[in-house]
Amino acid sequence: MNMTAALSQTDETSDRLAFLRLDDAARADLRSLKPFLEKHLPDVLAAFYEHLRHYPELGRMFGGSTGQDRARGAQLKHWLVIADGRFDQTYVDSVRRIGNVHARLGLEPGWYIGGYAFILSGIMERLTREMESGLFGRRSEKLSRYGTVLIRAAMLDMDFAISIYLERGRAEKAEALLHLVDAFRSTVGTIVESVGDAAGAMRDSASRMASNAEATSTSAETVDMAAADASRAVGSAAAATEEMSRAASEIAHQLERMKQLSSDAVGHVDAGRTAINELVGAAESIGKIVTLIRTIAEQTNLLALNATIEAARAGEAGRGFAVVANEVKTLAGQTQKATEEIGGQIDQVRSIISRVASTSDAVASAIAALDGTTTTIAAATEEQTAATREVASSTADAATATHKVSDIITGVGNAARETGVAARRVVDAASELDQESHHLRTEVDRFISSVG
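For the sequence shown, position 389 matches number 389 in the working numbering, and the numbering has no gaps at all.
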């Protein structure tokens with residue numbers, strides 16, 4: 001039960017009065033002392049507050065001389081209420097004011113008790129002197145009664161005042177504790193809530209990070225497969241480029257053979273011209289076979305034409321020359337047989353020889369043109385070969401880069417998987433932290449409830 005409330009209850013006050021034996025007779029003695037107190041208390045209180053000058057810390061509590069005068073007036077009024085001997089609600093209100101003032105000033109009970117001792121001693125000294133002067137009659141008996149009732153009244157007042165002082169201190173401590181609890185609830189609650197929010201945010205972020213890591217890992221696998229496909233494609237391109245390079249080399253080789261065949265054909269044409277010149281010299285002796293030679297010359301002319309056409313068609317290969325050579329060879333055989341029959345046909349042989357010479361010139365020109373074309377094709381083939389080598393080099397570089405990309409993507413996939421594992425661990429830790437924050441919030445509420 002609150003002490004302030006207890007002081008306002010008659011039963012509680014009566015119990016205290018009975019315990020200190022402040023009965024009707026004792027309170028009557030107090031009332032008898034009131035004129036004495038009215039006379040001497042001002043001097044006693046003045047001496048007390050003069051005594052306080054030796055203790056500056058106490059003097060500052062009362063706010064200097066003005067505060068001390070106000071406190072002395074309140075003390076005088078209160079002591080006269082005590083001297084009324086009623087100890088009713090008026091007394092309770094007065095002692096409550098005194099106790100609250102002392103509690104507000106921070107006056108320790110030790111100083112408070114010392115003040116009671118100083119004032120009570122001063123009263124007793126003056127009471128003893130008055131007794132010795134015979135003012136009260138039967139001095140010993142009255143001195144004993146009056147001294148006893150003053151001590152009991154002072155003890156009752158001290159009990160009430162100190163109880164109020166202590167109760168106020170407890171109330172202030174309780175209020176401070178409530179403020180502390182409120183501050184604790186606010187601070188810790190905010191921290192716990194922040195931890196919970198942070199745990200939730202961390203869990204959400206980690207979940208997103210795990211999802212992103214999984215997506216990255218999947219994408220890395222896709223890119224890795226694409227890189228593998230690209231690597232295979234680059235390998236195929238490299239093989240095709242190598243094959244093309246070999247084909248270009250073969251073409252160059254065949255062109256070289258064609259040039260050699262052209263050179264040989266030119267030599268044969270020159271030899272044919274020499275033979276024709278010899279035939280002109282021998283024409284007079286082979287007149288008998290002029291007609292047959294004319295026929296052979298016509299066939300030779302036709303074959304030469306075919307050789308020219310064949311050479312034009314097969315400018316990149318020498319197979320036509322072989323066919324023409326075989327036909328010429330056959331014709332030569334026929335011509336050899338025919339020479340036995342055309343001895344008398346020399347005039348016609350001369351004409352045929354002239355035509356053969358012209359045809360030989362045409363063949364020589366065609367072979368020369370073919371040789372020029374072959375040279376051009378050879379130059380183009382050389383350029384193609386160089387380009388093919390460059391493509392092969394670039395393809396090799398691309399293959400190397402593709403392998404590097406594949407290795408990097410593999411590393412990215414591994415890192416993404418490791419990130420996913422770490423993110424899932426963070427999610428688990430954040431969930432556990434969230435649970436712990438809820439548990440901490442519960443414990444804080446339980447602690448606050450127990451303190452309250």
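Glycine is no exception: its CB is placed at the ideal position from the N, C-alpha and C atoms.
Treat the numbers as computed from the prediction; the structure is a model and nothing was measured.
With distances taken Cα to Cα, identify the nearest neighbour of residue 418 among 90, 42, 80, 215. The residue labelled residue 418 in the question sits at position 418 within the sequence shown. Residue 215 is the option with its Cα nearest to residue 418.
Stretch-stretch touch, CB-based, cutoff 8 Å, three pairs: the stretch 140 to 152 with the stretch 401 to 411: no
Distance between residue 27 and residue 131 (C-alpha atoms, nearest Å): To locate residue 131, count along the sequence shown from 1; it is residue 131. To locate residue 27, count along the sequence shown from 1; it is residue 27. Rounded to whole angstroms, residue 131 to residue 27 spans 20 Å at the Cα level.
Roughly how many whole angstroms lie between the Cα atoms of residue 432 and residue 444? Within the sequence shown, the letter at position 432 stands for residue 432. Within the sequence shown, the letter at position 444 stands for residue 444. Each residue's Cα considered, the two are about 18 Å apart.
Residue 47, enclosing alpha helix (DSSP H) - first and last residue: For the purposes of this step, residue 47 is taken as residue 47 along the sequence shown, with counting starting at 1. Where residue 47 is concerned, the enclosing alpha helix (DSSP H) stretches over 24 to 51.
Label residue 55 either buried or exposed according to how many other C-beta atoms from any shown protein chain fall within 10 Å of its C-beta, with 16 as the threshold for buried. Working through the sequence shown from its first residue, we reach residue 55 at position 55. Under this definition residue 55 is an exposed residue.
Just tell me which of 314, 333, 207 has its CA closest to the CA of residue 427. For the purposes of this step, residue 427 is identified with residue 427 of the sequence shown, where counting begins at 1. Nearest option by C-alpha distance: 207.
Give me, in chain order, the residues of the same chain whose beta-carbon lies closer than 6 Å to that of residue 109; leave out the 5 immediate sequence neighbours on both sides. Working through the sequence shown from its first residue, we reach residue 109 at position 109. These residues qualify, in order along the chain: 162.
Grab me the residues of residue 359's own chain with a C-beta within less than 6 Å of its C-beta, minus the 5 sequence neighbours each way, in chain order. For the purposes of this step, residue 359 is identified with residue 359 of the sequence shown, where counting begins at 1. Answer for residue 359: 301, 304, listed in chain order.
Element boundaries [alpha helix (DSSP H), containing residue 65]: Mapped onto the sequence shown, residue 65 falls at position 65. Per DSSP, residue 65 belongs to the alpha helix (DSSP H) from 64 to 84.
So, helix, strand or coil for residue 286, using DSSP? Counting from one through the sequence shown, the residue named residue 286 turns up at place 286. Because residue 286 sits at a pLDDT of 49, beneath the cut-off of 50, its placement in the model cannot be relied upon, and the point is left open.
Inspect the beta-carbon positions of residue 434 and residue 189 and report whether they are closer than 8 Å. Reading the sequence shown from its first residue, position 434 is the one you call residue 434. Reading the sequence shown from its first residue, position 189 is the one you call residue 189. No, the Cβ-Cβ distance between residue 434 and residue 189 is not below 8 Å.
Measuring straight from C-alpha to C-alpha, what distance separates residue 311 and residue 239? Start at 1 with the first residue of the sequence shown, and residue 311 comes out as number 311. Start at 1 with the first residue of the sequence shown, and residue 239 comes out as number 239. Taking the straight line from one Cα to the other gives about 34 Å.
Status (buried if at least 16 other CB within 10 Å, exposed otherwise) for residue 220: The sequence position of residue 220 within the sequence shown is 220, counting from 1. The residue is buried, with at least 16 neighbouring Cβ atoms inside 10 Å.
Is residue 88 helix, strand or coil by DSSP? For this step, residue 88 is matched to residue 88 along the sequence shown. Coil.
How would you label residue 58, buried or exposed, when you count the other beta carbons within 10 angstroms and need 16 or more for buried? By 1-based counting over the sequence shown, the position of residue 58 is 58. Buried is the call here.
Would you say the beta carbon of residue 14 is closer than 7 Å to some non-hydrogen atom of the ligand NAD? For the structure depicted, the ligand NAD is absent and the ligand set is empty, with no information on it obtainable.
Among 218, 361, 449, which has the Cα closest to the Cα of residue 274? For the purposes of this step, residue 274 is taken as residue 274 along the sequence shown, with counting starting at 1. For the residues 218, 361, 449, the minimum Cα distance to residue 274 belongs to 361.
Are the stretch 70 to 84 and the stretch 43 to 51 in contact at 8 Å, needing three or more beta carbon pairs? yes
Should the stretch 98 to 109 be called in touch with the stretch 166 to 178, which here means at least 3 C-beta pairs below 8 Å? yes
Taking just the CA atoms, how far does residue 225 sit from residue 416? Here residue 416 corresponds to residue number 416 of the sequence shown, with the count starting at 1. Here residue 225 corresponds to residue number 225 of the sequence shown, with the count starting at 1. Cα to Cα, residue 416 sits roughly 16 Å from residue 225.
Chain C contact for residue 406 (CB, 8 Å cutoff): You won't find chain C in this structure, because it holds only one protein chain.
For residue 214, which three-state DSSP category applies? Indexing the sequence shown from 1 puts residue 214 at position 214. In this structure, residue 214 counts as helix in the three-state DSSP scheme.
Simplified DSSP assignment, three categories, for residue 20: Stepping through the sequence shown from its first residue, residue 20 is reached at position 20. Coil.
Euclidean distance between Cα positions of residue 450 and residue 180: On the sequence shown, position 450 is the one that residue 450 refers to. On the sequence shown, position 180 is the one that residue 180 refers to. The straight-line gap from Cα to Cα measures roughly 14 Å.
Rounded to the nearest angstrom, what separates residue 382 and residue 334 at their Cα positions? Numbered from 1 along the sequence shown, position 382 holds the residue referred to as residue 382. Numbered from 1 along the sequence shown, position 334 holds the residue referred to as residue 334. C-alpha separation (whole angstroms): 44 Å.
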